[in-house]
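Participant: Just so you know, the sequence shown maps onto residues 1 to 258 in UniProt numbering.
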Amino acid sequence: MKEFIEANKDLLSQIAHNYNVNASIHPEDHIFQFLVTNPVFPSKKEAIDYYFQDGRKSAETLLDLITSFYPPIDTPIKLLEFASGYGCVTRHLLNLQTNLRITTCDIHEEAITFIENALNTSSILSHPEPEQVKLASSTYDIVFCLSFFSHMPDTTWFRWLQTLYNAVSPEGLLIFTTHGYQSKKYFSFPDLNKQGYWFLPSSEQLDLDVHQYGQTIVSPSYVCDKIKLLPYNPVIKKYTEGFWWEHQDLWVIKKEIK
1 MKEFIEANKD LLSQIAHNYN VNASIHPEDH IFQFLVTNPV FPSKKEAIDY
51 YFQDGRKSAE TLLDLITSFY PPIDTPIKLL EFASGYGCVT RHLLNLQTNL
101 RITTCDIHEE AITFIENALN TSSILSHPEP EQVKLASSTY DIVFCLSFFS
151 HMPDTTWFRW LQTLYNAVSP EGLLIFTTHG YQSKKYFSFP DLNKQGYWFL
201 PSSEQLDLDV HQYGQTIVSP SYVCDKIKLL PYNPVIKKYT EGFWWEHQDL
251 WVIKKEIK
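#1: Quick one: what does DSSP say residue 77 is sitting in, helix, strand or coil?
#2: Taking only runs of the beta strand (DSSP E) that begin and end inside the segment 33 to 118, which ones reach a length of at least 3 residues, in chain order?
#3: If you draw a straight line from the C-alpha of residue 232 to the C-alpha of residue 168, how long is it?
#4: What does the Cβ neighbour count give for residue 108, buried or exposed, with the cut at 16 atoms within 10 Å?
#5: Using a Cβ-Cβ cut-off of 6 Å (strictly less than) and excluding sequence neighbours within five positions of residue 115, which residues of its own chain qualify?
#6: Please report the distance separating the alpha-carbon of residue 16 from that of residue 255.
#7: Where does residue 130 sit, in a helix, a strand or coil, going by DSSP?
#8: Can you check DSSP and say which residues form a bridge with residue 255?
#9: Under the assumption that residue 177 contacts residue 250 (Cβ atoms under 8 Å), give the Cβ distance between them as a whole number of angstroms.
#10: By Cβ distance below 6 Å, which residues in the same chain neighbour residue 154 in space, the five residues on each side in sequence not counted?
#11: Could you spell out where the beta strand (DSSP E) holding residue 221 opens and where it closes?
#12: Taking the beta carbon of residue 67 as the centre, do at least 16 other beta carbons fall within 10 Å, making it buried, or is it exposed?
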């Protein structure tokens, strides 16, 4: 992949310039790798363009949600982008919004270094055990995790929800997506168990343990049952089935303090 990036650096620069974002791509960027090796794209140019286009669309969607559910404030909004990878969305957030103070967090040490050096953005190293992640309590106005809970097994699913919710400041938001009923078509329509949960130990991220990071589908009732266990007063401000990429469910949870 390093050779591919070097061979296509002019094309990368040109396309990134069209979106007014940093053109740097890390060779281990699994999203970029998946797209440029995907036969669905007629050309490498279209695959690269989709990488930037989809990152921008996700950033714009998040900003629309923030505008809808978080009141305007004079000081910068403290945003934690969790499971940020190598900055597919981050680079667009930095470009589109000046009133955000962004911190990213990811399990890959190289991704953390890349975001800090290439995108000049503060970053935190994650951990396989949710309780071991060094996230300060009640710190972030908004915690955003795109397509993270769609990979977590039942053993850590609620623990991650609890950890990320704990990092949200009072009256702040936890915004996340899940594989729901609309996602079943991509996995041969599996049956969920009585709790509304299904897990496949398989992943495109080959460096991660598939029993800790696989493919997860959950029903709305599964998610609601977990939300009920959270402290304070978690309020579901928005739930939309198939909202993200026309199949992942969107959840917006407000941390209301009684």
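Here a beta-carbon is modelled for each residue, glycine too, at the ideal position from N, C-alpha and C.
Facilitator: Looking at the coordinates:
#1: Correct three-state label for residue 77: strand.
#2: With a minimum length of 3 residues, the continuous beta strand (DSSP E) runs that stay inside the segment 33 to 118 are 77 to 82, 100 to 106.
#3: Approximately 11 Å, taken between the alpha carbons.
#4: Looking at its Cβ environment, which holds 16 or more other Cβ atoms inside 10 Å, residue 108 is buried.
#5: If the five residues before and after residue 115 are omitted, its C-beta is found closer than 6 Å to the C-beta atoms of 87, 104, 121, 123, all from its own chain and listed in chain order.
#6: Distance between the alpha carbons of residue 16 and residue 255: 36 Å.
#7: Note: residue 130 maps to helix in three-state DSSP.
#8: Its beta-bridge partners are 234.
#9: Going by Cβ atoms, the distance from residue 177 to residue 250 rounds to 6 Å, so yes, they are a contact pair.
#10: The residues are 197.
#11: First-last for residue 221: 220 to 227, but that is the alpha helix (DSSP H), not the beta strand (DSSP E).
#12: Residue 67 comes out exposed.
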